[in-house]
Structures are given as structure tokens and as C-alpha cells.
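What follows is a short report on a single structure.
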Amino acid sequence: MLDLSAFQNDPIMHSLRAAEPVFWRNPHTAPFAEALADVGLSAADVHDAAARLQRFAAYFLAAFPETAATQGLIESPLLVSKTWHQHYHLPAHRVLIKADNQLPISGAIKARGGIYEVLLHAETLALQHGLLRDTDDDYSKLHSDAARALFGQYSVAVGSTGNLGLSIGMMAAKLGFRAVVHMSADARQWKKDKLREHGAIVVEYAGDYGMAVAAGRQAAEQDPYAYFVDDESSRHLFLGYAVAGLRLKAQLDALQITVDAHHPLIVYLPCGVGGGPGGVAFGLKLALGDAVQCVFAEPTHSPCMLLGVYTGLHDAISVQDIGLDNITIADGLAVGRASGFVGRAMQRSLSAFYTLTDSQLAATWRAVYEQEGLYLEPSAAAGFAGLPYFADTPHATHLVWVTGGGLQPQAAIQEYLATCHVE
Ligand SMILES: *Cc1c(COP(=O)(O)O)cnc(C)c1O
5 MLDLSAFQND PIMHSLRAAE PVFWRNPHTA PFAEALADVG LSAADVHDAA
55 ARLQRFAAYF LAAFPETAAT QGLIESPLLV SKTWHQHYHL PAHRVLIKAD
105 NQLPISGAIK ARGGIYEVLL HAETLALQHG LLRDTDDDYS KLHSDAARAL
155 FGQYSVAVGS TGNLGLSIGM MAAKLGFRAV VHMSADARQW KKDKLREHGA
205 IVVEYAGDYG MAVAAGRQAA EQDPYAYFVD DESSRHLFLG YAVAGLRLKA
255 QLDALQITVD AHHPLIVYLP CGVGGGPGGV AFGLKLALGD AVQCVFAEPT
305 HSPCMLLGVY TGLHDAISVQ DIGLDNITIA DGLAVGRASG FVGRAMQRSL
355 SAFYTLTDSQ LAATWRAVYE QEGLYLEPSA AAGFAGLPYF ADTPHATHLV
405 WVTGGGLQPQ AAIQEYLATC HVE
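The letter at position 38 of the sequence shown is residue 42 when you use the working numbering, and the numbering goes up by one with no holes.
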């Protein structure tokens, strides 16, 4: 039994239990030079991941011609807001949008970490079996019948609310692996359809994300030829996401955005289990240090990371433990228990957390669609709701990380438009 008596009259806990929006500025933040020790990974690890992705550029150019625009890298544009800055009377270039909905292959942030981990596994096997001579070899060789024959002997499995499964399933299937995606009940039908269309096996569960992950992990454990991508604790996923932070620096420079002690960059990231936003935040901190402040957004019904970091219990507590149902229109964020690894790694590096209700999210999503012309999925718009908390920070640039929805069929958007009512 969890002992939460220390939080009996705690106002934040009261709001979390009542599924009311909360804002919490993290009092435990430390200078990054110090907080870095919590992570157990270094800048060298992120550079290693970036170099691996660079090696695979030749593969992507061969297998996914749409990556030609980014020279075979899976990268998204950094946009300047069209109208959003006006809500806060800020100049246009003070509100930026990192458009991960435009990432190739899965149209979501999971194309960073998820695909990275599949590539790492493929590279390891290819080197072991002599398909690649060494890491200087031509990786376009992996887009071949010989490679598919090798990878076809192995399976890659994952549990997901949708986008991680989409990223890993599409990537693994393309390489020739047997791709098995364990999907939670909240996963959207079109994501399952798309995966099956691309040759992945989709296993559906009536339960939530945690259950899908547990089932996937268990199925893979019994099979020596199976590789399970563990969204709840994978360092590889985290490093794949972290590469984004390193690459953002050049995009900021190209827009002539100064980020330093007097010009903070405040980044708003939607958080599910934590790997995506946690990894991105880690990369941003490595690239920009204390000049960047990272803020996590979660649904009021699924505030797992805030709950874990706030109580210090991390993955020992779930939103169900405080009476929440983990049901939200933000399907990408419908996670009841946060990654313990990410919570512990990033607890002194994150500046603040907030939650928003489904109706706030629906209103935000609709406004972003109408005013910015962005075709997101609801969870991907959660970062926009963080600006009011920081809009008056002097000389700040605000960066809203939009995280998915790029592959949505028009029908899904129409459905959201019809159902995303503003109460
Ligand atoms: C998965 C996801 C996130 C959050 O990533 P986590 O690693 O689960 O924290 C945010 N937005 C979208 C659209 C996602 O699919």
C-alpha cells in the first residue's frame, strides 16, 4: 500500500486527485552541470547516437525517398508562429513551433527514439552477420533482399498507445523484421490499419498502455529471436530523442535566435511515459545548458510524470492510485505510470509541469488548427497551453514542441473537429 499521508492537505495533490488543471514550478531544479549526474548518460552518448543516425542516412535515401529533403535524416522544421504570439503581445519570432508532426515515416516524435532503437538493433545484427563490414560501410546495403532475409529471422516487438507502435512497426517491417505491435485500447483505428497495411502484426488489448507494454514484454521474453523495445525504461530510445536537442541549436542559429542567460528559451513538451520529452529535454540541456527551461504538459486524467516527480515515488505510483481513470482524448499521452528512469534522470532538470483538461486541449487543438494551419492530433497541441504561465518572462523565446498527427487521414481530422467541443 502506498503511504500518501504526507500529502493529505497538499493543494497540488488535491488538484491532481480532482483532475483539475495544475501548474507546478519545480523547486528541485539544479544547475545542469550538477543535474547531469542524475542521468547516467553523457554528451558523448548523444553524439554517438547522432553519428549512428548519420550513418543510416544512405539507407533512408534508398528506402524512404521522402527523406531526401533532409539528406536522409529524420528531422522536422522549426517554424515561426503565424498568429499565436499575438495572444501574448509578443513579436512573431518569439513563439516558435518545432513541427515533429512533419517528421518522415510516422509523422510523430516517436520517429526519433523509436526508429533509432530499431536502427541500432539492425546495425548490431548486420555487423554480427557480416552484412555490414564495419560502421564505415555503405548502409544503403540494408535496403536489399539479403538484409531482409537476415532480419526476417528476427522479430521486433513494442507496446504502445499508437505512435510508438507506428514508428517502430513501420521501420522494423521496412527493414524486413517481423514487427509485432501490442496496442492499448486507446490506440486509434487508422494507426492499426496503417501498420497492418505495411506488414506489421497488430495485437489489440482491452486495457491501457501499461498492460500493452507488459504483454509485449512478456511475449518477447519467451522468444530468443525477439527484441523488445521497452518504452518504460529504454536508454536507447532516450538517446534517439536526445539527438533532437543537439540538432535544434543549428535551427535556432539559422533563425538568428539568441539563447543565453539573458534570453532564455522556454520549451513546452507534451509528456506521456516521459521518454520522448525527457530525451529531447536532455539533448536541449546538453546543447543550451541552463539557458533552456523545459516544461512538461500532461492531461488532467493522466498526469503520471508530475505525480511521480512531485511525490518522489516515480514509477512506484500510478494515476489510478490517486483515483484517476487515465482516460483522455490525448491518446498519445494516456499513460498511467511514468518511466522511473526518466523521472529520476530528469527530476532536477525540468523547470515546471502543468496539466490541462480534455476540453482545454480540444479548444487549444482547434485554435492551433484554425490559426496556425497545423494538422495535429490532440495530444500534440498540449504545449501551446503552457505559454500563459511564462509569457511575461523577459526576453524569452517560447518553443512549442508539436509532437504528432502528420499521418492522420482527413477523416480523423474531421472526426476531431466534430467531437472536439469546447465546453
Ligand atoms: C508519445 C507521444 C508523446 C509523449 O512521448 P512519451 O515518450 O510517451 O512521453 C507526445 N505526443 C505524442 C503525439 C505522442 O505520440
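Quick reminder that beta carbons are idealized off the backbone N, C-alpha and C, glycines included. None of these values were measured; they are calculated from a predicted model.
From residue i to residue j, what distance separates their C-alpha atoms?
i	j	result
T165	A216	8 Å
A224	A161	7 Å
H49	L252	What sits at residue 49 in the sequence shown is Asp, not His. In a straight line, the C-alpha of D49 is about 17 Å away from that of L252.
Q255	I261	9 Å
D104	L131	31 Å
S144	A66	6 Å
A230	H267	47 Å
A96	A400	12 Å
R137	E127	11 Å
D42	M350	7 Å
L317	L57	35 Å
A386	A204	29 Å
Exposed or buried, which one is residue i when buried takes at least 16 other CB atoms within 10 Å?
i	result
D264	exposed
L259	exposed
D234	buried
H32	exposed
N13	exposed
G278	buried
P108	buried
D212	buried
M309	buried
G220	buried
S238	buried
S435	Any question about residue 435 goes unanswered here, given that the chain covers just 5 to 427.
S80	buried
G282	buried
P398	exposed
M174	buried
D197	exposed
E38	exposed
H133	exposed
Answer with yes or no whether the minimum CB distance from residue i to chain C is below 7 Å.
i	result
P31	Annotation note: the requested chain C is absent from the structure, which comprises a single protein chain.
Helix, strand or coil: how does DSSP classify residue i here?
i	result
G163	strand
F60	coil
M17	helix
H91	helix
K178	helix
M187	strand
K145	helix
L168	helix
E208	strand
I417	helix
T359	strand
Y213	helix
H97	helix
If you follow the alpha helix (DSSP H) that residue i is in, where does it begin and where does it stop?
i	result
M309	C308 to T315
Q157	Note, Q157: premise wrong, no alpha helix (DSSP H); not H, not E.
E376	D362 to E376
Q351	No alpha helix (DSSP H) holds Q351; DSSP gives it neither H nor E.
F286	G279 to L292
Y245	R239 to A258
K196	Q193 to E201
F394	L391 to F394
Could you tell me if the beta carbon of residue i falls within a distance shorter than 6 Å of some heavy atom in ligand 2?
i	result
N105	Among the ligands present in this structure, namely ligand 1, ligand 2 is not found.
The beta strand (DSSP E) that contains residue i, what's its start and end?
i	result
F27	F27 to R29
A338	Per DSSP, A338 belongs to no beta strand (DSSP E) and is neither H nor E.
H434	A question about residue 434 goes unanswered here, because the residues of the chain that appear run from 5 up to 427.
F232	A230 to V233
A384	Element bounds for A384: n/a, residue is neither H nor E.
Using 8 Å as the Cβ pair cut-off and three pairs as the minimum, do the segment 19-35 and the segment 97-114 touch?
no
Is the segment 408-418 close to the segment 390-398, with three or more CB pairs under 8 Å?
no
When the Cβ atoms of the segment 173-184 are set against those of the segment 136-154, are three or more pairs found closer than 8 Å?
yes
Three or more C-beta pairs closer than 8 Å, one from the segment 335-355 and one from the segment 382-390: is that the case here?
yes
Touching by the beta-carbon criterion (3+ pairs, under 8 Å), the segment 337-346 and the segment 321-328:
yes
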